[in-house]
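Residue numbers (the working numbering), protein chains in the order written: chain A, 1 to 194; chain V, 1001 to 1194.
Let me begin by presenting the structure, written as C-alpha cells, before commenting on it.
Protein chains: 2
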Amino acid sequence: MVQTVRGREARRAAILRRAAEVFRRKGFHGAGMREIARGLGMAPGALYYYFKGKEDLLFACQAMSLRRLIQSATEIASSGLPPQHMLRQIVRAHLRHTLGDMGGGLAHLEFHALPPEMLEEVVRQRDAYEAIVRQVLKEGMAAGVFAARDVKLAALTVLGALNWTVVWWRPEGPYTIEEVSEQVAATLLRGVTR
Amino acid sequence: MVQTVRGREARRAAILRRAAEVFRRKGFHGAGMREIARGLGMAPGALYYYFKGKEDLLFACQAMSLRRLIQSATEIASSGLPPQHMLRQIVRAHLRHTLGDMGGGLAHLEFHALPPEMLEEVVRQRDAYEAIVRQVLKEGMAAGVFAARDVKLAALTVLGALNWTVVWWRPEGPYTIEEVSEQVAATLLRGVTR
C-alpha cells in the first residue's frame, strides 16, 4: 500500500479523534485498541502501524491538543490586541481545541496512565502553555486592566475552569461550545478584571 | 480482636487518607492494596477486612469527600449570610475538604475507574452538591449582587476552577490551602458579581 505523507497525517488525525472519543467514554484503562480500530474500519494490526499502543495514542492525543493550544495562544499573545481581548480569545481557542477538535477529550485528564518520560513531556508543554496565559495576565496587570495578587494562581484558576469543562461537557449535551465559551469567558474575564 | 465502632471508623478514615495519598502519587491503576496497607503498618489481608478492594476504596474516598462537601455547603447555604459570603465560604470549605482532608485527593478525578453503580452514586452526589452551589448563585442573582446568563454554566465554571486545584496543588508546594482559597475565592467572586 502506497501512502502519501499527507494521507498518513490525515489518517493519524482520524485515529486520534477516534481514540479520544473512546477514552472519553471508557476511560483510558477501559479503552481497547480493538475497539478504537473497529470504529475506524481498520484491522487492529493496521492501527499498530501508526501507534505502538494505547500509551502512545494517549500521549499523541495530549501532544496534539497541547500543540494546538500553544500555537493558538502564541498567536493571540503576540496579536497586539488589548489584554481582555487576548484572554477572551484564549478561552475560545482553548475550548475549541479541547472540546471541539478532540470531541470532549477526556484524554486531557488521564495523566497517570502515561509512562514517566511521556508525562514529563506533557507537563513541559502544559507549563509552556500556562506561561503564555500568565504573560497575557501580566500584560493586563501592567496595563491596569487586570488585578491579581498572584499571577500564577490567577492563571491556574482560569485554566482550571477551562480544563474542567472536559469533565462535564458532552457533544450531545445542552450547550454548544460557542455558548460555553461565551459565558465562561465572561465570568473569567470579570474574575481577573480590576 | 475486639474493636469499638469509633475505633473502626477512625481506622477507616486513616485508611482512606492513605489510599487517597497513594492514588494521588500513582493514579488509581498504579496504586496497590499492598502499598496502601504497608504505609498503615497493616497486613494486606487486614485491609480487606475494611474494604473489599481498590474500587471500594476509591468509591469510599469520593463518597467521604462528597459527604463533607454537601454537609458544609448545606450549612453555609442555610446560614442566612449574604450570598457573596456564602460563596466565599463554600470555596473555602471545598478546598479544605478536597485538598486538606484528602491530602490533595486526586481520587476526586478518577471517575472512570469506578464500576457503573458506584459511578452513578458519585454522580448523584456531585449533582446534589452542584445544586447547592447553583442555589447560592440564584439567591445572589435574585438579590442583584450576582450576574450570570446561565446559572448552571456559572456553577460549573466555579466548580471547575475549584476541582482542578487537585491536579496542580501539592501539600509540599509553594501555596498553603489558605492562600489558594483566598485568591481563588476573590477571582471567582469577582467573576460572578454583577
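The beta carbon of each residue, even a glycine, is placed where N, CA and C say it ideally should be.
Residues near residue i in its chain [Cβ-Cβ closer than 7 Å; skip 5 each side]
{"i": "Gln89 of chain A", "result": "Ile76"}
{"i": "Met1086 of chain V", "result": "Ile1076, Ala1077, Ser1079 and Val1136"}
{"i": "Thr74 of chain A", "result": "Ile132"}
{"i": "Ala14 of chain A", "result": "Leu40"}
{"i": "Leu1159 of chain V", "result": "Glu1130 and Val1133"}
{"i": "Val1091 of chain V", "result": "Leu1162, Ser1181, Val1184, Ala1185 and Leu1188"}
{"i": "Leu119 of chain A", "result": "Phe111"}
{"i": "Phe146 of chain A", "result": "Pro83, Leu137, Gly140, Val192, Thr193 and Arg194"}
Buried or exposed by the 16-neighbour rule on C-beta atoms within 10 Å, applied to residue i
{"i": "Gly1045 of chain V", "result": "exposed"}
{"i": "Ala1142 of chain V", "result": "exposed"}
{"i": "Tyr49 of chain A", "result": "exposed"}
{"i": "Arg24 of chain A", "result": "buried"}
{"i": "Ala1004 of chain V", "result": "Here residue 1004 of chain V turns out to be Thr, not Ala, going by the sequence shown. Its Cβ having fewer than 16 others within 10 Å, Thr1004 of chain V is exposed."}
{"i": "Glu1009 of chain V", "result": "exposed"}
{"i": "Thr176 of chain A", "result": "exposed"}
{"i": "Gly1173 of chain V", "result": "exposed"}
{"i": "Gly191 of chain A", "result": "buried"}
{"i": "Ala43 of chain A", "result": "exposed"}
Contact set for residue i: own chain, Cβ-Cβ below 6 Å, skip 5 residues either direction
{"i": "Ala1093 of chain V", "result": "Ser1072"}
{"i": "Leu57 of chain A", "result": "Ala19 and Phe51"}
{"i": "Ala1031 of chain V", "result": "Val1022 and Phe1023"}
{"i": "Leu153 of chain A", "result": "none"}
{"i": "Ile36 of chain A", "result": "Arg18, Ala19 and Val22"}
Which listed residue (the options) has its alpha carbon closest to that of residue i
{"i": "Cys1061 of chain V", "options": "V:Val1091, V:Gln1084, V:Gln1125 and V:Phe1146", "result": "V:Gln1125"}
{"i": "Pro1082 of chain V", "options": "V:Ala1155, V:Glu1172, V:Gln1135 and V:Gln1183", "result": "V:Gln1135"}
{"i": "Leu1156 of chain V", "options": "A:Ala147, A:Glu9 and A:Trp169", "result": "A:Trp169"}
{"i": "Phe28 of chain A", "options": "V:Gly1053, V:Arg1025, V:Arg1068 and V:Leu1114", "result": "V:Leu1114"}
{"i": "Ala1063 of chain V", "options": "V:Arg1034, V:Phe1146, V:Tyr1129 and V:Leu1189", "result": "V:Tyr1129"}
{"i": "Ala1148 of chain V", "options": "A:Ala154, A:Gln183, A:Glu179 and A:Leu159", "result": "A:Gln183"}
{"i": "Ala1186 of chain V", "options": "V:Gly1100, V:Glu1055 and V:Gln1084", "result": "V:Gln1084"}
{"i": "Arg1069 of chain V", "options": "V:Asp1127, V:Glu1055 and V:Arg1006", "result": "It should be pointed out that residue 1069 of chain V corresponds to Leu in this sequence rather than to Arg. Checked all of V:Asp1127, V:Glu1055 and V:Arg1006; the closest Cα to Leu1069 of chain V is V:Asp1127."}
{"i": "Leu66 of chain A", "options": "A:Leu109, A:Leu47, A:Val145 and A:Met33", "result": "A:Leu109"}
{"i": "Ala55 of chain A", "options": "A:His112, A:Arg11, A:Phe146 and A:Ala37", "result": "One point to set straight first is that residue 55 of chain A is Glu, not Ala, in the sequence displayed. The shortest C-alpha separation from Glu55 of chain A is found at A:His112."}
Cutoff 8 Å; reference residue i; Cβ partners in own chain excluding five residues on either side
{"i": "Val151 of chain A", "result": "Arg134, Leu137, Lys138 and Met141"}
{"i": "Leu16 of chain A", "result": "Leu57, Ala60, Cys61, Met64 and Met102"}
{"i": "Val180 of chain A", "result": "Leu95, Leu99, Thr165 and Trp169"}
{"i": "His97 of chain A", "result": "Ser65, Arg68, Leu69 and Ser72"}
Can at least three beta-carbon pairs, one atom from the segment 164-181 of chain A and one from the segment 1159-1170 of chain V, be found at a separation below 8 Å?
yes
So within the segment 1118-1164 of chain V, which uninterrupted alpha helix (DSSP H) runs reach at least 4 residues, ignoring any that extend past its ends?
none
Complete runs of the beta strand (DSSP E) confined to the segment 1165-1194 of chain V [at least 3 residues]:
none
Please specify which runs of the alpha helix (DSSP H), each continuous and at least 4 residues long, are wholly inside the segment 58-97 of chain A, giving them in chain order.
83-95
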